[in-house]
Amino acid sequence: MQYHLNIEKCTITALLHDISAIFSPDDMYKYVKELGYQIDPSEEKYHFLLYQRISKEIAYDYFHIEDEDILSAIECHTTLKKRNE
């Protein structure tokens, strides 16, 4: 393993990271509003960007994933985040 990654965590993340892509962008927006999330200007303009945050919620709520490494990777795999977050 060149990068010393946990194969099980990588597999779970790979399977769940785009799971909310089944929702339309408008439905994503409605869902996130119902959850009470803060929506940043880019997400307000491009609702499809919300899918990674929703995928994290689905992984946690429906698949009972509690591992922070997995949830964090799902939540930021498109837009990324600061290294120390």
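Heads up: the sequence shown begins at 3 in the numbering used here, then just goes up one per residue. All C-beta atoms in this analysis are idealised placements derived from N, C-alpha and C, irrespective of residue type, glycine included.
For residue i, does the count of other Cβ atoms within 10 angstroms reach 16, so buried, or fall short, so exposed?
{"i": "I56", "result": "buried"}
{"i": "Q54", "result": "buried"}
{"i": "K47", "result": "exposed"}
{"i": "S22", "result": "buried"}
{"i": "A75", "result": "buried"}
{"i": "L7", "result": "exposed"}
Return the first residue and the last residue of the alpha helix (DSSP H) that residue i is part of.
{"i": "A75", "result": "E70 to C78"}
Taking DSSP as the reference, what is the three-state secondary structure of residue i?
{"i": "L7", "result": "coil"}
{"i": "Q40", "result": "coil"}
{"i": "Y53", "result": "helix"}
{"i": "S22", "result": "helix"}
{"i": "I67", "result": "coil"}
Can you name, in chain order, every residue of its own chain whose Cβ lies under 8 Å from the Cβ of residue i, other than the five neighbours on each side?
{"i": "L73", "result": "K58, A61, Y62 and I67"}
Closer than 6 Å by C-beta to residue i: which residues in its own chain qualify, once you throw out the five before and the five after it? Chain order, please.
{"i": "H49", "result": "P27, M30 and Y31"}
For residue i, which residues from the same chain have a beta carbon less than 7 Å from its beta carbon, with the 5 sequence-adjacent residues on both sides left out?
{"i": "H79", "result": "H19 and Q54"}
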